[in-house]
Amino acid sequence: MIEAYFIHLAILVGIYLILALSLQLALGYTGLINLGHIAFFAIGAYTSALLTLNGIPFIIAIILAGIVSAFFGFLLSIPTNKLKGDYLALATLAFTFVVYAITLNWTSLTRGPLGLPGIPKPSILGLSFSSNLSFLILTLIIFLAVYFIIKRIIDSPFGKVLEATRDNELATKVLGKNTFKIKSIALGTSAFFAGIAGSLYAHYITYIDPSSFTIMQLIPILCIVIIGGLASLKGTIIATIILILLPEPLRFIGFPSSVVGPMRQIIYALILLLILIYKPKGFFGKVELE
Amino acid sequence: MMKKQNKIYLGIGIVAVVLIATIAMFSVPKGEETIKIGFMGPLSGGPSLWGQGSLNMINLAVDEINQQGGIDGKKLVIIPEDGKCQSEPAATSAQKLINVDGVKFILGGHCSPETAVIAPILEENNVFGLAGVSTATGILDDYDYMFRTSPSNMDQATLISKVALEKYNLDKIAVLTASTAFTKSIANDFITSFEDQGGEIITTEEYIWPDTSDFKTHLTKIKDLNPDAIFVSSQGTEGVQIVKQMKELDIDAVLTGNTVFIHKKTYAKSDGALPETAFTVAPYVDPATEKASQLINKYKTRYGEEVPYNLFFVGAAYDGVYMLKDALINCGEDTKCVKDYFSNIENWQGATATYSFDVNGDPILKNWRELRIVNGKEVFEPIP
Amino acid sequence: MSSIAFQLLINGLIAGAIYALVASGFSLIYSTNKFIHFAHGAVIAFSAYVLYFLFSVLGINFGFSIVLAIVFASLLGYLLDFIVYKQLRKKKTSSVILLIASVGLLILLESLILLLFGADVKTIGFIEVSKGMEFLGAIITPLQLFIIISSLILLAGLFLFMKKTKLGKAMRAVSDNKDVAEIVGISSEKIYSWSFIIGSAVAGIAAILIALEQNLEPTMGTNLMIKGFAAAIIGGIGSVHGAVLGAFLLGIVENFGIWYLPSGYKDAIAFVLLFVFLLFRPQGILGIKRRAEK
Numbered sequence: 132m133i134e135a136y137f138i139h140l141a142i143l144v145g146i147y148l149i150l151a152l153s154l155q156l157a158l159g160y161t162g163l164i165n166l167g168h169i170a171f172f173a174i175g176a177y178t179s180a181l182l183t184l185n186g187i188p189f190i191i192a193i194i195l196a197g198i199v200s201a202f203f204g205f206l207l208s209i210p211t212n213k214l215k216g217d218y219l220a221l222a223t224l225a226f227t228f229v230v231y232a233i234t235l236n237w238t239s240l241t242r243g244p245l246g247l248p249g250i251p252k253p254s255i256l257g258l259s260f261s262s263n264l265s266f267l268i269l270t271l272i273i274f275l276a277v278y279f280i281i282k283r284i285i286d287s288p289f290g291k292v293l294e295a296t297r298d299n300e301l302a303t304k305v306l307g308k309n310t311f312k313i314k315s316i317a318l319g320t321s322a323f324f325a326g327i328a329g330s331l332y333a334h335y336i337t338y339i340d341p342s343s344f345t346i347m348q349l350i351p352i353l354c355i356v357i358i359g360g361l362a363s364l365k366g367t368i369i370a371t372i373i374l375i376l377l378p379e380p381l382r383f384i385g386f387p388s389s390v391v392g393p394m395r396q397i398i399y400a401l402i403l404l405l406i407l408i409y410k411p412k413g414f415f416g417k418v419e420l421e
Numbered sequence: 132m133m134k135k136q137n138k139i140y141l142g143i144g145i146v147a148v149v150l151i152a153t154i155a156m157f158s159v160p161k162g163e164e165t166i167k168i169g170f171m172g173p174l175s176g177g178p179s180l181w182g183q184g185s186l187n188m189i190n191l192a193v194d195e196i197n198q199q200g201g202i203d204g205k206k207l208v209i210i211p212e213d214g215k216c217q218s219e220p221a222a223t224s225a226q227k228l229i230n231v232d233g234v235k236f237i238l239g240g241h242c243s244p245e246t247a248v249i250a251p252i253l254e255e256n257n258v259f260g261l262a263g264v265s266t267a268t269g270i271l272d273d274y275d276y277m278f279r280t281s282p283s284n285m286d287q288a289t290l291i292s293k294v295a296l297e298k299y300n301l302d303k304i305a306v307l308t309a310s311t312a313f314t315k316s317i318a319n320d321f322i323t324s325f326e327d328q329g330g331e332i333i334t335t336e337e338y339i340w341p342d343t344s345d346f347k348t349h350l351t352k353i354k355d356l357n358p359d360a361i362f363v364s365s366q367g368t369e370g371v372q373i374v375k376q377m378k379e380l381d382i383d384a385v386l387t388g389n390t391v392f393i394h395k396k397t398y399a400k401s402d403g404a405l406p407e408t409a410f411t412v413a414p415y416v417d418p419a420t421e422k423a424s425q426l427i428n429k430y431k432t433r434y435g436e437e438v439p440y441n442l443f444f445v446g447a448a449y450d451g452v453y454m455l456k457d458a459l460i461n462c463g464e465d466t467k468c469v470k471d472y473f474s475n476i477e478n479w480q481g482a483t484a485t486y487s488f489d490v491n492g493d494p495i496l497k498n499w500r501e502l503r504i505v506n507g508k509e510v511f512e513p514i515p
Numbered sequence: 300m301s302s303i304a305f306q307l308l309i310n311g312l313i314a315g316a317i318y319a320l321v322a323s324g325f326s327l328i329y330s331t332n333k334f335i336h337f338a339h340g341a342v343i344a345f346s347a348y349v350l351y352f353l354f355s356v357l358g359i360n361f362g363f364s365i366v367l368a369i370v371f372a373s374l375l376g377y378l379l380d381f382i383v384y385k386q387l388r389k390k391k392t393s394s395v396i397l398l399i400a401s402v403g404l405l406i407l408l409e410s411l412i413l414l415l416f417g418a419d420v421k422t423i424g425f426i427e428v429s430k431g432m433e434f435l436g437a438i439i440t441p442l443q444l445f446i447i448i449s450s451l452i453l454l455a456g457l458f459l460f461m462k463k464t465k466l467g468k469a470m471r472a473v474s475d476n477k478d479v480a481e482i483v484g485i486s487s488e489k490i491y492s493w494s495f496i497i498g499s500a501v502a503g504i505a506a507i508l509i510a511l512e513q514n515l516e517p518t519m520g521t522n523l524m525i526k527g528f529a530a531a532i533i534g535g536i537g538s539v540h541g542a543v544l545g546a547f548l549l550g551i552v553e554n555f556g557i558w559y560l561p562s563g564y565k566d567a568i569a570f571v572l573l574f575v576f577l578l579f580r581p582q583g584i585l586g587i588k589r590r591a592e593k
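Protein chains in written order, with our numbering: chain L, 132 to 421; chain C, 132 to 515; chain P, 300 to 593.
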């Protein structure tokens with residue numbers, strides 16, 4: 132019985148690991164303060180859900196979810212190319228909100244606040260992943276694939292160029308590199324993996340609605356990347372595990388019914404603040420943000 | 132570097148150990164003397180308005196039952212979880228209740244997203260669920276173990292349309308609704324039934340909940356189109372602000388809407404800005420049975436405040452516990468038997484309504500009456 | 300049709316004035332401290348609830364209550380800085396960490412409000428609800444008119460403060476170049492504290508007016524903050540009077556925007572406007588062209 136609960140948590144950790152690693156690629160390695168990441172997650176989730184609800188097989192749906200998100204990633208990189216630091220953060224934040232508003236209002240496509248229920252569990256070539264354990268295995272496989280791909284990118288010469296762009300874009304340009312192209316690829320790739328994570332999310336939870344993809348859901352992911360430390364994959368992994376699992380022990384503290392909701396929020400916020408105060412550079416951070 | 136790493140691993144280790152230890156501690160069976168029932172609803176954020184109220188109602192009922200000896204000598208224990216009216220917290224809460232606490236009965240979700248997400252989880256585990264405040268159409272259709280106390284809106288919507296057209300001759304109506312599953316499904320059902328009965332919906336305006344507090348431009352647009360009436364489907368307490376601004380903007384139309392909007396509270400908190408002519412259709416409980424007024428007093432005595440949100444939606448949780456009690460007396464903790472029992476419930480008289488359940492687990496309510504708020508009091512009239 | 304246009308304009312000005320009240324205090328803090336203090340919205344919300352508690356629950360005289368509420372706001376802002384932000388500043392953390400910390404504080408404070416006051420709407424009940432005054436075919440209530448006038452007075456007041464007073468000039472100095480300011484003897488830590496005290500006092504004033512106009516809910520801080528800071532960016536981050544201008548622009552565009560667009564997109568308009576400004580004029584209407592572009 133209890134294993135079922137742990138499996139559930141492990142699946143969530145797996146999905147958020149993919150999401151956090153993809154943000155780390157854009158934020159920690161390329162220096163793009165992308166607060167629009169949750170929008171890519173949403174786009175992936177809705178794309179995959181809508182496709183499978185209309186009969187498209189899961190394997191195609193998840194890949195398309197990644198591609199469609201990546202497309203929006205490229206698209207977002209165009210107008211934001213000249214922005215830096217806080218301004219880039221705000222522009223991408225605006226993007227998150229606009230995507231939320233669209234999922235809420237474009238009811239003919241997304242059913243708006245009524246959401247999409249009954250999203251089918253994945254089934255690849257006849258193999259059905261309907262049990263949680265099998266879903267966990269699927270998630271882990273995909274996570275490992277994503278991890279290795281991102282690691283390869285970072286360790287490759289292209290990865291060095293990404294970091295150069297982050298550290299000193301002007302110098303990188305002077306050396307003849309097309310930083311716009313570099314940033315686009317980074318953002319697009321980051322969005323691709325976010326879309327994959329979104330698809331997994333949709334097929335696990337089997338119901339999505341706009342309220343799962345707001346700015347409030349972005350906060351934990353951003354915290355993970357910053358607290359884990361920028362430009363550190365290991366840090367991201369550890370921080371994801373800690374931050375996603377953190378609220379769970381709080382469930383077992385016997386708060387009286389009338390205060391249990393807000394009390395848990397308060398304690399979570401306090402722990403977050405304490406972590407920030409005592410480890411403000413993150414655990415494994417290699418770089419500072421502007 | 133190694134030292135730092137060790138610290139991190141130590142930290143993770145501690146979190147893991149604490150997690151496992153507390154789970155182990157709390158999942159030691161408490162012995163045969165209790166029946167564990169899970170609660171899931173929004174206990175933080177905007178939706179806690181009815182989530183907390185529902186939990187309070189449930190605790191009220193459970194304590195009464197326990198004081199009378201429980202069920203077959205066993206006391207009921209409620210384990211509360213915060214679903215936050217969002218899909219992932221709801222799923223995790225359900226997993227924890229079912230797999231760690233080992234509950235076989237869940238009173239929840241109390242919000243359409245929560246209910247939609249947990250219905251398949253409960254079904255998979257043969258856990259019985261009774262949801263509230265979840266009115267999105269069709270979310271229970273494929274699931275046998277899930278029931279809900281919030282009725283399909285179509286019955287209510289059809290009657291409101293009928294009263295509007297036949298009794299009050301309101302042919303052109305503008306709709307103002309929040310963008311939530313609850314409010315939009317009511318608004319959509321109203322639009323469908325009103326147009327089916329020959330009326331005209333001249334516009335639909337939406338606003339995001341809970342973040343909107345300025346409706347002036349929505350109202351300005353509506354005022355400009357000169358409707359006979361305005362149908363307002365509100366989610367929480369923004370109805371107070373809406374009627375206030377309607378009065379300030381001197382809007383003349385008759386008001387109708389869902390039972391959250393046409394409510395004593397909307398009248399009281401807006402200095403009486405809700406006009407007497409505002410009407411809705413609500414389930415009626417004969418005050419002679421005194422169950423409703425007793426419930427209101429009991430709530431006030433124990434919690435020191437008026438019943439929050441809406442007596443029907445929140446009070447349904449109280450009735451739900453008693454329905455479950457009847458089922459448990461009949462069936463023990465056999466969830467299959469309980470779900471069959473619920474399917475067969477007919478004309479069960481509660482404090483808030485008279486319940487029957489249809490094949491999907493949706494309640495069929497009787498005794499719909501027209502409701503208006505006159506001088507701050509509810510006035511019920513039969514529907515012709 | 301023209302009467303509705305004028306009404307939409309009035310609606311826009313009222314909304315703009317409310318955003319301006321929020322944005323000006325926030326902008327003062329941002330321009331001095333250089334990070335986004337999201338918890339500003341929670342300071343507003345909490346102060347509004349304090350006013351409710353003093354006036355509607357305890358029955359204290361309205362005049363005293365508003366003064367106490369403003370003092371509370373200042374104190375809360377100062378404490379947030381002293382207890383949290385100052386510690387982070389000592390460790391020389393980046394502004395993103397400070398932003399995350401401010402979000403943590405926002406969650407903390409809003410949960411506290413929920414805990415202490417419950418989720419039900421609260422009303423201040425000082426002003427009677429009645430039909431507004433008619434003016435050229437549009438309707439506006441005395442309170443709403445007062446809010447517009449107050450925000451303009453505040454704008455003027457802050458402008459004079461920043462330009463003429465010693466403290467104001469010191470704040471601008473720290474905002475422009477902290478290191479040089481320190482060289483001429485200005486203590487930046489003291490200035491940071493002052494920015495929170497004054498900025499949060501403005502938040503207190505905002506809280507009172509908003510509480511009277513809009514009623515109180517535990518989540519009221521978040522939405523005010525989002526709109527307020529969008530306004531501040533549009534108007535020119537780092538410029539307090541820019542923030543006020545941006546706020547009015549935002550209010551007007553929002554209200555005219557949903558004349559044409561489905562009204563569900565009203566909030567999205569703020570963000571699209573923000574996006575457009577960031578692309579074409581990132582320094583905002585009045586901001587100085589700084590590190591926005593390379």
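Ideal Cβ positions, reconstructed from N, Cα and C, are used throughout, including at glycine.
Residues of chain C with CB under 8 Å from residue i, in chain order?
| i | result |
| --- | --- |
| G431 (chain P) | E379, L380 and D381 |
| M519 (chain P) | S344 |
With residue i as the anchor, note down where its alpha helix (DSSP H) starts and where it stops.
| i | result |
| --- | --- |
| E512 (chain P) | S487 to Q513 |
| W499 (chain C) | Per DSSP, W499 (chain C) belongs to no alpha helix (DSSP H); it is in the beta strand (DSSP E), W499 to V505. |
| T83 (chain C) | No information on residue 83 (chain C) is available, as it lies outside the stretch 132 to 515 that chain C covers here. |
| T308 (chain C) | That residue, T308 (chain C), is in no alpha helix (DSSP H); its beta strand (DSSP E) goes K303 to A309. |
Counting along the chain, where does the beta strand (DSSP E) carrying residue i start and finish?
| i | result |
| --- | --- |
| S364 (chain P) | That residue, S364 (chain P), is in no beta strand (DSSP E); its alpha helix (DSSP H) goes F361 to L379. |
| P414 (chain C) | F410 to P414 |
| E331 (chain C) | E331 to Y338 |
Using a Cβ cut-off of 7 Å, pull out every chain L residue sitting near residue i, in sequence order please.
| i | result |
| --- | --- |
| K227 (chain C) | Y136 and R382 |
| I452 (chain P) | In chain order: nothing, as chain L lies at least about 29 Å away. |
Would you please state the rounded distance, in angstroms, between the beta carbons of residue i and residue j? I believe it to be under 8 Å.
| i | j | result |
| --- | --- | --- |
| F170 (chain C) | I209 (chain C) | 5 Å |
| K515 (chain P) | A347 (chain P) | The sequence as given places Leu at residue 515 (chain P); Lys does not occur at that position. Yes, L515 (chain P) and A347 (chain P) are in contact; Cβ-Cβ is about 5 Å, under 8 Å. |
| M277 (chain C) | A250 (chain C) | 5 Å |
| A196 (chain L) | G175 (chain L) | 4 Å |
| K314 (chain L) | T296 (chain L) | 6 Å |
| L191 (chain C) | Y430 (chain C) | 6 Å |
Quick one: which chain L residues come within Cβ less than 8 Å of residue i?
| i | result |
| --- | --- |
| Q199 (chain C) | Here the premise fails: no neighbours, minimum Cβ distance about 20 Å. |
| I332 (chain C) | None at all; the shortest Cβ gap to chain L is about 15 Å. |
Going along chain P in order, which residues have a C-beta closer than 8 Å to the C-beta of residue i?
| i | result |
| --- | --- |
| I339 (chain C) | G563, K565 and D566 |
| Q217 (chain C) | Result: empty, since nearest Cβ-Cβ is about 14 Å, beyond 8 Å. |
Taking 7 Å as the line, does the beta carbon of residue i fall inside it for any heavy atom of the ligand COA?
| i | result |
| --- | --- |
| L331 (chain L) | What this structure holds is no ligand at all, so the ligand COA is not there to describe. |
Would you mind telling me which residues of chain P sit closer than 7 Å to residue i, beta carbon to beta carbon, in chain order?
| i | result |
| --- | --- |
| D402 (chain C) | E427 and V428 |
Residues of chain L with CB under 9 Å from residue i, in chain order?
| i | result |
| --- | --- |
| A267 (chain C) | P244, L245, G246 and P248 |
| A653 (chain P) | Here chain P covers residues 300 to 593 and nothing more, so residue 653 (chain P) does not appear. |
List the residues of chain C that residue i touches, going by C-beta distances under 7 Å, in chain order.
| i | result |
| --- | --- |
| S410 (chain P) | S175 |
Chain C contacts made by the region 338-353 of chain L, where a contact means CB separation under 7 Å: So the close ones are Y338, I339, D340, S342 and S343.
Interface positions of the region 210-226 of chain L facing chain P (Cβ-Cβ less than 9 Å), listed along the chain: Across the region 210-226 of chain L, CB contacts with chain P closer than 9 Å involve P210, T211, K213, L214, K215, G216, D217, Y218, L219, A220, L221, A222, L224, A225 and F226, in sequence order along the chain.
Members of the region 375-408 of chain L that neighbour chain P once the beta carbon cut-off is set at 8 Å: Answer set for the region 375-408 of chain L: V390, G392, P393, M394, Q396, I397, Y399, A400, L401, L403, L404, L407 and I408.
Residues within the region 149-179 of chain L neighbouring chain C, beta-carbon criterion of under 9 Å: Here the close residues number zero.
Where the region 359-374 of chain C meets chain P: residues whose CB sits under 7 Å from a CB there: Cβ contacts with chain P come from T368, V371 and Q372.
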